[in-house]
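Visitor:
Numbering (this note's numbering), first residue to last: 107 to 218.
1. With distance defined between alpha-carbon atoms, name the residue in 169, 154, 148 nearest to residue 163.
2. When you measure from the CB of residue 197 to every non-hydrogen atom of the ligand NAD, does any distance come out below 7 Å?
3. For residue 189, write down the residues that DSSP places opposite it in a beta bridge.
4. Hey, which unbroken runs of the beta strand (DSSP E) at 3 residues or more fall wholly within the region 123-157?
5. What first and last residue would you give for the beta strand (DSSP E) that runs through residue 205?
6. Any chance the region 176-185 sits against the region 107-119, with 3 or more Cβ pairs inside 8 Å?
7. Classify residue 213: buried if its beta carbon has 16 or more other beta carbons within 10 angstroms, exposed otherwise.
8. Taking 7 Å as the limit between beta carbons, can you name the residues of its chain near residue 208, skipping five residues before and five after?
9. So if DSSP puts residue 174 in a beta bridge, which residue, or which two residues, is it bridged to?
10. Can the beta-carbon of residue 192 be found less than 8 Å from the beta-carbon of residue 177?
11. Output the boundary residues of the beta strand (DSSP E) element that contains residue 107.
Here's what the structure looks like:
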């Protein structure tokens, strides 16, 4: 719950040239103010040990048009607030490893 100065997001589209046959669009920009309706995601580590976020959400612009998709990290500045609840899963780390079969990173639980 909260608001953004602008929204930068991506959605899944057909991409026949990829192993999955789908992939994300280039980032799309919605000028603000933008209302955050919901966010969900995962805090994880890359194979190199870097802590990262993977977040999707639903949003509404100033006339109530709703948008949804993958949030572009580093491109969405909070306007007023962002209220969030983060839950920790103990004794497990999530690592995103590249799966050669699908050609993208997949989450792998690892004992902490």
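Quick reminder that beta carbons are idealized off the backbone N, C-alpha and C, glycines included.
Guide: Working from what's here:
1. Here the question's residue 163 lines up with position 57 in the chain shown. Nearest of 169, 154, 148 to residue 163, Cα basis: 148.
2. Of ligands this structure carries none, so the ligand NAD is not represented either.
3. As a working mapping, residue 189 is identified with position 83 in the chain shown. In the DSSP output, where bridge partners are listed per residue, residue 189 has none listed.
4. Scanning the region 123-157 from its first residue to its last, the whole beta strand (DSSP E) runs of 3-plus residues come out as 128-130, 134-152.
5. The residue given as residue 205 occupies position 99 in the chain shown. Run containing residue 205: 198-205, per the beta strand (DSSP E) assignment.
6. yes
7. As a working note, residue 213 is residue 107 in the chain shown. Counting Cβ neighbours within 10 Å, residue 213 comes out exposed, since fewer than 16 surround it.
8. Taking the chain shown and counting its residues from 1, one reaches residue 208 at position 102. So the list reads 125, 126, once near-sequence residues are dropped.
9. As a working note, residue 174 is residue 68 in the chain shown. For residue 174, DSSP records a beta bridge to 164.
10. If you number the chain shown from 1, residue 192 lands on position 86. If you number the chain shown from 1, residue 177 lands on position 71. Note that the C-beta distance between residue 192 and residue 177 is not below 8 Å.
11. Numbered from its first residue, the chain shown carries residue 107 at position 1. Going by DSSP, residue 107 is part of no beta strand (DSSP E) at all; its letter is neither H nor E.
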